[in-house]
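The structure under discussion appears below in the form of structure tokens.
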Amino acid sequence: MVLFLDDLFINLCVLIALIFIYLQVRWRFLQLEEKPKIYSIVVDGVAGGVLGFTLMNFSIQITAETIVDLRFIPVMLVILFIGVPQAIISSILIMVGRFLLGVTTSAAAAMVLMIALIIGFIAIQKLLKKTSLNPSTYQQGFLMIIFSNISFTIIMLYLISDMEILLVLIPSYWFISIIGGLIAIFFVEYIRKTQHLLMKYEKESTVDYLTGLNNVRQFDAIWNSLTREAKEKKEKLSLLIIDIDHFKHVNDTYGHSIGDLVLKELGDVLKSATRSFDHVSRNGGEEFSVILPDCPLDQAVDIAERIRKTVEMHEFHVLPKDSLHITVSIGVAAYPDTVSDTEHMVDSADECLYNAKRAGRNRVCDTHRQYN
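Taken in order, the sequence shown gives residues 1 to 372; the numbers are from my numbering.
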């Protein structure tokens, strides 16, 4: 009995460790959501098959003549949390892996059991979706575990005639599969929720809540990285500091809720008027910035002018029956064209923005010229 519990504990440790490692790799490095669907199907299916094959090699000794394992759990988890095509691939790989260990009667029985399980798991999930019960993941998983136990019991009754062995084997397997299956479901559910929250908080820590642009914290991180790279590689780098003209008048006239809509829509305008690899941020209030990598002064001024004109011509549809127009002033700093040290670029762009405001607003200014 002690050996039985030791084997069960080892299986659970292997199961949890491999699930945790794969989920971290999947989320942080593979980024399957951004790749073609077929890529995700194959990778997740292979991962489930590898996990099932690994569990086969950590079998649990029940009696002197019988061993069991938890190979059905990866297939169940893949169906519950990922998808049916991936589960089918996992099942096929597990069956092939079992035959690689030896072509025997038990291997054939294992293949029959796996085929029955994948068909049964798919049927259970589809039948539950057609009902109005809206079962939880735990309820679906528990039904799959029970189906797996019943299928295992039927096959064992066919293969083994010794009643003494069956009286030990079948209850033990039911206990092992229920404990292992429910723990696996709990762990995956817990990891998915915590990972979702972590990714959400990571995103919120770098994204402005209102506009969806980079926030000032992310601006600092990107700026430090790009200025360091510009110095090391002797590349051009430009910075635009953008401020809405008379934005207080917008808030006072239309209210702060309308002002927020203007800020949000302006964020979209800025993204559309810049290059795909430029970094647009909201630095606070009505102040925005655009970091322009590998960009000399003349090109930076052209981009700034395009932004200014686009904003001036844009109709902000934030009112039910009317739209409003705004203008922006822009300060430009370029390394090494107008600033010899990247550490002074932000101050230089701020000073140019102030000069643009003082010169009448709705204009672009660098340290050498003003543009209107």
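Glycine included, C-beta positions come from ideal geometry on N, C-alpha and C.
Nearest candidate by alpha-carbon position, reference residue i, set the options
i: V46; options: S90, H279, I178; result: S90
i: G141; options: L8, A273, S238, F187; result: F187
i: T342; options: F247, N149, S238, E189; result: S238
i: N224; options: T105, P293, K37, E202; result: P293
i: I150; options: W174, K193, Y138, V42; result: W174
i: I67; options: L100, Y254, A107, Q31; result: A107
i: F316; options: D298, N215, E265, I118; result: E265
i: F4; options: F29, V14, I41, S59; result: S59
i: D350; options: V339, S340, R363, V332; result: V332
i: R71; options: V50, E232, E235; result: V50
i: R275; options: Q299, T131, S257; result: Q299
Beta-carbon gap between residue i and residue j smaller than 8 angstroms
i: D278; j: L210; result: no
i: V168; j: I62; result: yes
i: V318; j: V269; result: no
i: E287; j: D347; result: no
i: I183; j: L12; result: yes
i: S281; j: L213; result: yes
i: D252; j: R361; result: no
i: A221; j: Y335; result: no
i: F53; j: L93; result: yes
i: I330; j: I307; result: yes
i: S289; j: I241; result: yes
Buried or exposed by the 16-neighbour rule on C-beta atoms within 10 Å, applied to residue i
i: M1; result: With a pLDDT of only 48 at M1, under 50, the local geometry of the prediction cannot be trusted, and the value read off the model is given with reservation. Classification for M1: exposed.
i: N57; result: exposed
i: V96; result: exposed
i: M345; result: buried
i: P74; result: buried
i: R358; result: exposed
i: V103; result: exposed
i: F99; result: exposed
i: S148; result: buried
i: A356; result: buried
i: Q86; result: buried
Proximity test, residue i beta-carbon vs the ligand GDP heavy atom, cut-off 7 angstroms
i: L319; result: No copy of the ligand GDP occurs in the structure displayed, which carries no ligand at all.
Whole-angstrom C-beta distance between residue j and residue i, which should lie under 8 angstroms
i: D337; j: P296; result: 6 angstroms
i: A273; j: T310; result: 5 angstroms
i: I448; j: I178; result: Limits of the chain in this structure are 1 at one end and 372 at the other, which puts residue 448 out of reach.
i: L80; j: T137; result: 6 angstroms
i: I82; j: I118; result: The Cβ separation is near 14 angstroms, so there is no contact.
i: A109; j: L159; result: 6 angstroms
Cross-strand partners of residue i (DSSP beta bridge)
i: E287; result: D243, G284
i: I222; result: I222 pairs with nothing; no bridge assigned.
i: N214; result: V207, S281
i: Q61; result: I67
i: S238; result: L292, A334
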